[in-house]
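In our numbering, the protein residues as written are 626 to 734.
Now the structure itself:
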């Protein structure tokens, strides 16, 4: 039979380990506000991601909103490809810009 003292000690050790891991993750892996800091694996991957975002920006500026949205939708899973890096904040910014410009264009018509 399992001793109650062993179970309690194991539970306390696991709880302390969890608290330490959470503290480490929050301190070293976030920006202090809870947003996970993302880093590119290589400068080439970051450059490829920026080129793709620039293409989406160009489509948005040309008012080709459907094509820009299709490109941005295809880039949502870009982090699965180690040769391309696009941060989540940049993707959110591009989607917000696309949404606002599309709404302005439709309101102007």
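The C-beta atom is built at its ideal place from N, Cα and C for all residues, glycine as well.
Remember, it's a predicted structure, so these values are computed and weren't measured experimentally.
Does the segment 714 to 722 come close enough to the segment 673 to 690 that 3 or more CB-CB pairs lie under 8 Å?
These segments touch.
For the ligand NAP, is there any heavy atom lying closer than 8 Å to the beta carbon of residue 691?
Of the ligands one can find in the structure shown there are none, so the ligand NAP has no counterpart to examine.
Backbone secondary structure at residue 662 - three-state DSSP:
Counted from its first residue, the chain shown places residue 662 at position 37. If DSSP states are grouped into helix, strand and coil, residue 662 belongs with coil.
If you drop the 5 nearest sequence neighbours on each side, which residues of the same chain put their C-beta closer than 8 Å to that of residue 669?
Within the chain shown, residue 669 is the residue found at index 44, counting from 1. In chain order, 708 place their CB closer than 8 Å to the CB of residue 669, counting only its own chain and leaving out the 5 sequence neighbours on each side.
Considering just the uninterrupted stretch of the alpha helix (DSSP H) at residue 700, what are its terminal residues?
Here residue 700 corresponds to residue number 75 of the chain shown, with the count starting at 1. Boundaries for residue 700: no alpha helix (DSSP H) harbours it, and the DSSP string shows neither H nor E there.
Between the segment 649 to 659 and the segment 682 to 701, are three or more C-beta pairs nearer than 8 Å?
As far as the Cβ criterion goes, the segment 649 to 659 does not touch the segment 682 to 701, which means the pair count is below three.
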